[in-house]
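Taken in order, the sequence shown gives residues 9 to 457; the numbers are from the numbering used here. C-beta atoms are modelled at their ideal positions from N, C-alpha and C, and glycine is treated no differently.
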Amino acid sequence: MSELLYLKLYHQLKEEIEAGRLGPGTRLPSIRQMTRDSAVSRTTVETAYEHLCADGIVTCIPQSGYYVNEVPHRSPVSRTVEPEQKQEQCEYDFSGHRMDPVLFDFDIWRKLSRSVMMDSAPFLGYGENQGERALREQIARYLSAGRGVYTTAEYVVISAGIQSLLGVLCEMFDKSTQRIAFEDPGFRKGCRVFTDHGYHTVFIQGSASGINLKQLEQSGANMLYISPSHSFPSGASLTHNKRVQLLRWAQKKDAIIFEDDYDGELRYTGKPLATLSALDSGENVIYLGAFSKLLPPSIRISYAVLPPRLLPLYRAVSGHYNQTSSTMEQLTMARFIEEGRLEKQVRRLRRMYSHKNARIIEAFAEHFGTRAVVRPNDTGLHVVVSISGTGNAEAMCAQARKAGVDIVPMSSYQMGHQTAEKTDFYLSSAGISEEDIEPAIARLRTVWI
């Protein structure tokens, strides 16, 4: 007898009775008739009926048959599901959620992917828990040469995206004793990870010269999440003097600093700024990096460099989690770096983003005149624009999207209680072509003025 067959028949009859389609006193078909009608064995029908009797749903009367009892009717369950809201892509995209296709050579990536697939052995398991060693070695070399972060593969940790990485790092510390500070406005999704893991969060107001150190001292925080080279989304860079003061604060409090260097390589004038990790002598900085600003964001690879004293804490918790980043993508990325293609990509992006950001400034000057102020920016993929003499930023962005221009209000990145400037906007040049910038901003003028 098939257990699945008798259970299937049992559930079919039970549903008919609970729905009221077989009322109290109704005689079920005889075992012989049900066997013939359902094309199952007699034993299957007998077992299903016995289960209905055991549940009090039917009663067996000898020499007569099986009769439905009085049972509570079950209200029909609504299976209506709201249709998934599909986000329509605007004609002009300043949101930063996509990459302009001309910025990445997929043919090279496909070629490298095929080459790593020649050896199938690495793809037969879950991969190395800390990340593929080949990639960790290449990242260590890349950071030592380009960012002054001198480390080895042993201290590099790989994950699929910064949020996934933070989820594991959060488990390294006693959250009941931690109070983590975030720049405001700042990385809201990162803040959400710490909040969801039970951390107490506080918000420190940023300025043109970076985070307010006096507020940080007064906050009682013993952790800090910061992007010193290019604060997100304000664009401020922390001065060398403030970096030194910040590290003194960390050593004095034995605090942990999460340094998010999400686009530190993309500096257009001079050399990239020194990282906190490169200046840290007290092993207080966890360096965070990602390739999502250099490659298409769908290639989900992020990494952390741990100070030696924190590696045992990481290994104590990392065994509870599998590696989240694809082995295929990790090994392809390792080959990409090894062949010098990442350095070439960075040089190309510096040139192209510098041109794009300059074109944004020119276009606002042309179409908005003195009504628009674009904050100077020599790093990264985005600019911040203030528009005077107009309305509410959220409403203005909704109007722009209806007109085919996707633009983000700075208030979207606000985390604390202070209010952002009502007409400040975040414009990323990542997903828009250089030739589309001027017509996009011209359209904003027709909508807003």
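Here F372 carries a helix assignment [DSSP, helix/strand/coil]. With respect to the 7 Å criterion, Q146 and A286 are not classified as neighbours on the basis of their beta carbons. Using a Cβ-Cβ distance cut-off of 8 Å, the segment 175-189 and the segment 410-419 are not in contact, since fewer than three pairs of beta carbons, one from each stretch, lie closer than that value. Taking 7 Å as the cut-off, the Cβ atoms of V313 and Y329 do not count as close. By the beta-carbon neighbour count (other beta carbons within 10 angstroms, threshold 16), R155 is buried. If you draw a straight line from the Cα of N249 to the Cα of L281, it is about 13 Å long.
Closest option to P304, judged by alpha-carbon separation, among S72, M107, A27: M107. Membership of G154 in the alpha helix (DSSP H) is indicated by the continuous run 141-154. According to DSSP, residue pairing for H208 in a beta bridge involves R187.
Residue state for H328 is assigned as coil, using DSSP reduced to three classes.
With a contact defined as Cβ atoms closer than 8 Å, N292 and Q259 qualify at about 6 Å. A straight line joining the alpha-carbon of G133 with that of V165 spans about 18 Å. Listed in chain order, the non-local C-beta contacts of V201 below 7 Å within the same chain comprise Q171, L174, G175, C178, local neighbours out to five positions each way being set aside. No Cβ-Cβ contact shorter than 7 Å links F131 with T332. Straight-line spacing of the CA atoms in G439 and D271 works out to 16 Å. Between the segment 63-82 and the segment 391-404 there are fewer than three inter-stretch CB-CB distances shorter than 8 Å, so the stretches are not counted as touching. By the Cβ neighbour-count rule, V124 is buried, with 16 or more other Cβ atoms within 10 Å of its own. In terms of Cα proximity to D269, the closest of W257, Y233, D262 is Y233. Beta bridge pairing from DSSP links P417 with F433.
Contact check for V391 against L435 passes: the beta carbons are separated by less than 7 Å.
E24 and L15 do not touch by the CB rule: their CB atoms are close to 15 Å apart, not below 8 Å.
As for any alpha helix (DSSP H) of minimum length 4 sitting wholly inside the segment 297-365, the runs are 319-326, 335-346, ordered along the chain.
A straight-line Cα-Cα distance of about 42 Å links S217 and G135.
In this structure S215 is exposed. Its beta-carbon is surrounded by fewer than 16 other beta-carbon atoms within 10 angstroms. Counting only the Cα atoms, Q71 lies some 23 Å from K22.
Counting only the Cα atoms, A401 lies some 18 Å from R196. For the options G388, S152, I116, the alpha carbon positioned closest to that of L302 is the one of G388. Relative to F112, the option among S306, M423, H363 whose CA is nearest is S306.
E374 is classed as exposed because its beta carbon has fewer than 16 other beta carbons within 10 Å across all chains shown. For I264, the beta-bridge partners assigned by DSSP are M231. Counting every other CB atom within 10 Å of its CB across the protein chains shown gives V393 a total of 16 or more, marking it as buried.
In this structure, the beta-carbon distance from S310 to S167 falls below 7 Å.
In the assembly as shown, D414 is a buried residue. Its beta-carbon has 16 or more other beta-carbons within 10 Å.
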